[in-house]
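*Asks:*
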Amino acid sequence: MTQPIQVTVWNEFRHEKTNEFIRGLYPNGIHAAIADGLDKAGGFKVRSATLDEPEHGLTDNVLSNTDVLIWWGHAAHNAVEDEIAAKVRARVLDGMGLIVLHSAHYSKPFTGLMGTSCSLKWREAGEKERLWVIEHGHPIVEGLGEYFELEHAEMYGEPFDIPEPDTLVLVSWFPGGEVFRSGCCYYRGRGKIFYFRPGHETYPIYYDENVRHVIANASRWAAPGNAPTPVFGNAKPLEPIEEE
Ligand code: ZN
Numbered sequence: 025m026t027q028p029i030q031v032t033v034w035n036e037f038r039h040e041k042t043n044e045f046i047r048g049l050y051p052n053g054i055h056a057a058i059a060d061g062l063d064k065a066g067g068f069k070v071r072s073a074t075l076d077e078p079e080h081g082l083t084d085n086v087l088s089n090t091d092v093l094i095w096w097g098h099a100a101h102n103a104v105e106d107e108i109a110a111k112v113r114a115r116v117l118d119g120m121g122l123i124v125l126h127s128a129h130y131s132k133p134f135t136g137l138m139g140t141s142c143s144l145k146w147r148e149a150g151e152k153e154r155l156w157v158i159e160h161g162h163p164i165v166e167g168l169g170e171y172f173e174l175e176h177a178e179m180y181g182e183p184f185d186i187p188e189p190d191t192l193v194l195v196s197w198f199p200g201g202e203v204f205r206s207g208c209c210y211y212r213g214r215g216k217i218f219y220f221r222p223g224h225e226t227y228p229i230y231y232d233e234n235v236r237h238v239i240a241n242a243s244r245w246a247a248p249g250n251a252p253t254p255v256f257g258n259a260k261p262l263e264p265i266e267e268e
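In the numbering used here, the protein residues as written are 25 to 268.
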């Protein structure tokens, strides 16, 4: 039997405590809804971590026992300690997968790994979102059709100030006219990163079956494989060669 993938769902977890409407949508926090989706998909051992825990719940022990870290943040990116954000980035370069959701485009782990502002356009009007699969056959969109829709979403639009994705798997369309690169894959060091757009806190996005399906697929994709540890530096030849 294969080992379950160890996923840590990190959530800022402040809107749910201070806003009654959002607490109504996510009574146990956004992280609990995401964890529930992964539990139902199966094959994962899921824990959660939140901003207001000591070390934001991301102790060295938690990070070293995390195959894939899922990150949701919005209003308190600056409350994340630089030291913890740096540890997260170092673990990604060392092979941990990172899934960055929605407004976490501005999170310290993501902007630090991208090296750009990660700014974008936005509008909160409860618009429909249509997410087009543009990389059929990619493991993250396995099982999806040509597209799926969310009836009410916050709009994110281009320009999205990110480096060109290594693979772009999803593009969103909004009725207001904008488009957005909403499913972006990156390789950084030994780690895999997936940015996935849906997830505004005032909509029940993390109960949507397609969204849950993508997050489960992405968690499998981003989990570390068993690639050999890279060896850098001066190298002896594998075959005899004449040295000048
Ligand atoms: Zn939002």
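Ideal Cβ placement from N, Cα and C applies to all residues, glycine included. Everything numeric in this text was worked out from a predicted model, so none of it was measured.
Label D190 either buried or exposed according to how many other C-beta atoms from any shown protein chain fall within 10 Å of its C-beta, with 16 as the threshold for buried.
*Replies:* Under this definition D190 is an exposed residue.
*Asks:* Please identify the residue among R154, Y180 and E233 whose C-alpha is closest to the C-alpha of E148.
*Replies:* Nearest option by C-alpha distance: Y180.
*Asks:* Would you kindly report the start and end of the unbroken alpha helix (DSSP H) that includes Q88?
*Replies:* Note that residue 88 corresponds to Ser in the displayed sequence, not to Gln. First-last of the alpha helix (DSSP H) with S88: D84 to S88.
*Asks:* Can you tell me whether S206 is buried or exposed? The criterion is at least 16 other CB atoms within 10 Å of its CB, across all chains shown.
*Replies:* Classification of S206: buried, given that the 10 Å Cβ count is 16 or more.
*Asks:* With DSSP collapsed to three states, give me the class of A73.
*Replies:* Residue state, collapsed to three classes: strand.
*Asks:* Any contact of the segment 206-217 with the segment 112-126, i.e. 3+ C-beta pairs under 8 Å?
*Replies:* With the cut-off at 8 Å, the segment 206-217 and the segment 112-126 touch.
*Asks:* Figure out for me which residue from A109, D91, A259 and W96 has the closest Cα to the Cα of G136.
*Replies:* The candidate whose alpha carbon is nearest that of G136 is A109.
*Asks:* Determine the DSSP secondary structure at Y171, reduced to helix, strand or coil.
*Replies:* Strand, per DSSP.
*Asks:* Decide if P133 is buried, meaning its Cβ has at least 16 other Cβ atoms within 10 Å, or exposed.
*Replies:* Answer is buried; the Cβ neighbour count reaches 16.
*Asks:* May I have the straight-line CA-CA distance separating L93 from K260, to the nearest angstrom?
*Replies:* Approximately 37 Å between the Cα atoms of the pair.
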